[in-house]
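First comes the structure, then the notes that go with it.
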Amino acid sequence: MQKIYEIDFAALSGKEKSKFILYLRDLAEECFAEYPFEVAIKAQLLIFTRWWNSYRLMVPENPTPKILEIIIEKLWDFQEGKLAQSKFEEFAKCLEAVVLEIATGDTEKMDEDEKYYDFEAEYFGDWDDCYTSFLIDVSYICYEICEREIAWTGVEDILDGDIADLKIPLLEEMEEESNCTAIALEKRTQQIYSTPTFCKVIALLQEDIRTALEGESITELRKRYQKEYLFPPEDCAKVTAEWC
Numbered sequence: 000m001q002k003i004y005e006i007d008f009a010a011l012s013g014k015e016k017s018k019f020i021l022y023l024r025d026l027a028e029e030c031f032a033e034y035p036f037e038v039a040i041k042a043q044l045l046i047f048t049r050w051w052n053s054y055r056l057m058v059p060e061n062p063t064p065k066i067l068e069i070i071i072e073k074l075w076d077f078q079e080g081k082l083a084q085s086k087f088e089e090f091a092k093c094l095e096a097v098v099l100e101i102a103t104g105d106t107e108k109m110d111e112d113e114k115y116y117d118f119e120a121e122y123f124g125d126w127d128d129c130y131t132s133f134l135i136d137v138s139y140i141c142y143e144i145c146e147r148e149i150a151w152t153g154v155e156d157i158l159d160g161d162i163a164d165l166k167i168p169l170l171e172e173m174e175e176e177s178n179c180t181a182i183a184l185e186k187r188t189q190q191i192y193s194t195p196t197f198c199k200v201i202a203l204l205q206e207d208i209r210t211a212l213e214g215e216s217i218t219e220l221r222k223r224y225q226k227e228y229l230f231p232p233e234d235c236a237k238v239t240a241e242w243c
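All residue numbers for the sequence shown refer to numbering that gives the first Met the number 0, where the first residue is 0 and numbers rise by one.
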């Protein structure tokens, strides 16, 4: 069976592309089954760093919330051994409470400890709802580290959600689908998956997975991935608040 990074996604049929996305988690888990937990975390960090480098350039009319950059930096610090497990878990626990409030409006978790409100006041003063999807999905990596459990949920959700549903149709200048039947929606989905832009997204994800497996030092990767993008910067600027 081919590894996830060996599959030529662009050459697949529409149905095969849909199957690839549907079973992305299984493909990823199979690929990393024989590797230490930390390698799968590293792969997700590479993927999200690339994505963040592009997302931070979107919605140019609004400032980028500082918490997202902080999360990425905390993840890198932890991977490099610059942040102790206990300190990371403390940060992740506070983050989880605020993310739950933003995602659902439920403050039950926040009400458990005043420090969660202090954390929110310190890091979320400039929060912008345009980035809610990214916040939820990147926070899954923090959860996985704390629970020592790899699920690929964040990668899966943002790839087949925000990227496929919103960003690709915009960047490919696709017309909206007015027919909401199951057949029409599946056809639309396969059209999105077959666009050059989405195929490139998958190719870059596969590249990041290969890179994680190659053993390059985390310090060198951190430096190199400051300039790795999902979309060209000029395309990122096309994503305005109405496309969030």
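Beta carbons: idealized from backbone N, C-alpha and C, even for Gly.
Straight through space, the alpha carbons of residue 169 and residue 60 are spaced by roughly 17 Å.
In the displayed model, residue 81 falls within coil according to three-state DSSP, outside both helix and strand. By the C-beta criterion, the stretch 39 to 49 is judged to be in contact with the stretch 71 to 90, since at least 3 inter-stretch pairs fall below 8 Å. With a cutoff of 8 Å on beta-carbon distance, residue 232 and residue 82 are scored as not near each other.
Counted as a single uninterrupted DSSP element, the stretch harbouring residue 110 is not any alpha helix (DSSP H), since DSSP gives it neither H nor E. In this structure, residue 205 sits away from residue 13, with a CB-CB distance that is not shorter than 8 Å. Apart from sequence neighbours up to five positions away, the residues of its chain that approach residue 229 with a beta-carbon distance below 6 Å are 49, 50, 53, ordered along the chain. Boundaries of the alpha helix (DSSP H) around residue 218: 217 to 223. Counting of Cβ neighbours within 10 angstroms places residue 177 among the exposed residues, the total staying below 16. Residue environment analysis places residue 78 among the buried positions, since at least 16 neighbouring C-beta atoms fall within 10 angstroms of its C-beta. Per DSSP, reduced to three states, the secondary structure at residue 58 is coil, with no helix or strand assignment.
When C-alpha distances from residue 98 are compared across 215, 167, 127, the shortest belongs to 127. Taking 8 Å as the cut-off, the beta carbon of residue 144 is found closer than this to the beta carbon of residue 40. In this structure, 42 is the residue among 123, 37, 42, 94 with its C-alpha nearest to the C-alpha of residue 3. Comparing alpha carbon positions, the residue from 150, 80, 118, 25 closest to residue 91 is 118. The continuous stretches of alpha helix (DSSP H) do not include residue 147, and DSSP gives it neither H nor E.
Contact between residue 94 and residue 141 holds: their C-beta atoms lie close to 6 Å from each other, under 8 Å. In this chain, residue 230 is not harboured by any alpha helix (DSSP H), its DSSP state being neither H nor E.
Within 10 angstroms of the beta-carbon of residue 64 lie 16 or more other beta-carbons, which makes it buried. Contact between residue 133 and residue 67 holds, since their C-beta atoms are separated by about 7 Å, short of 8 Å. For residue 24, the closest of 157, 235, 236, 105 by C-alpha to C-alpha distance is 157.
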